[in-house]
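Student:
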Amino acid sequence: MSENQHTSKSVYALIGAAAIERLIAAFYRRVKADPVLRPLYPEHDLTGAERRLRLFVIQYFGGPSDYSAERGHPRLRMRHAPFPIGQAERDAWVAAMLAALDEAQITEPAYSQMREYFENAATFMINRPSVNLRE
Numbered sequence: 012m013s014e015n016q017h018t019s020k021s022v023y024a025l026i027g028a029a030a031i032e033r034l035i036a037a038f039y040r041r042v043k044a045d046p047v048l049r050p051l052y053p054e055h056d057l058t059g060a061e062r063r064l065r066l067f068v069i070q071y072f073g074g075p076s077d078y079s080a081e082r083g084h085p086r087l088r089m090r091h092a093p094f095p096i097g098q099a100e101r102d103a104w105v106a107a108m109l110a111a112l113d114e115a116q117i118t119e120p121a122y123s124q125m126r127e128y129f130e131n132a133a134t135f136m137i138n139r140p141s142v143n144l145r146e
């Protein structure tokens, strides 16, 4: 661990579960309305997906380990493999999450830490080449 990780509070300790719940609710409102993201979320599992993301984000940022207790290791790439994620999907996901961070009024330093993680994680989920629309 870096010195910063040893001396700084976790995001969860800074903002708490209620702020993360607001964040995930705001994000899923955007998912439901986004023409790029909506097809990636099956209707029958939308509520479950929202719950799982909430548990994951709480755990990742220093809260209780309920996600792992329920689902095991996150294995994010494996869990997202069935969904076609290219640059457009990644960008739409990040835009929705950043707007949700703003709506949930996540402030510094938590905002920057969460933004960095979400941008990097979304890039890591890309599992298909981007389509060049200019060809």
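The numbering of the sequence shown is the numbering used here, which starts it at 12 and goes up by one.
Glycine included, every Cβ here is placed at the ideal spot set by N, Cα and C.
1. Do you know offhand how far Gln98's Cα is from Pro46's?
2. Report the residue from Asn131, Glu32, Arg40 whose alpha carbon sits nearest the alpha carbon of Arg63.
3. Can Phe67 and Pro85 be called in contact, C-beta distance under 8 Å?
4. Identify, in the order they occur along the chain, each residue of the same chain with its Cβ nearer than 7 Å to the Cβ of Ala108, setting aside the five sequence neighbours on each side.
5. Alpha carbon to alpha carbon, how far is Lys24 from Phe94?
6. Report the option in Phe135, Glu54, Pro53 whose CA atom is closest to the CA atom of Arg88.
7. If you check the beta carbons only, do Asn138 and Ile96 fall under 8 Å apart?
8. Report yes if the CB atom of Ile35 is closer than 8 Å to the CB atom of Arg82, and no otherwise.
9. Taking only three categories from DSSP, how would you classify Lys43?
Tutor: Inspection of the coordinates gives the following:
1. Roughly 15 Å separates the two Cα atoms.
2. In this structure, Glu32 is the residue among Asn131, Glu32, Arg40 with its C-alpha nearest to the C-alpha of Arg63.
3. Contact flag set, yes.
4. First, the residue type needs correcting, since residue 108 is Met and not Ala in the sequence shown. Within the same chain, Met108 has close Cβ partners Phe38, Phe129.
5. Residue 24 is actually Ala in this sequence, not Lys. Going by the C-alpha atoms only, they are around 33 Å apart.
6. With distances taken between CA atoms, Arg88 lies nearest to Phe135 out of Phe135, Glu54, Pro53.
7. One thing to note: Asn138 has its Cβ within 8 Å of the Cβ of Ile96.
8. Inclusion of Ile35 and Arg82 in the CB contact set at 8 Å is not warranted, their separation being larger than that value.
9. Assignment of Lys43 by DSSP, reduced to helix, strand and coil, places it in the helix class.
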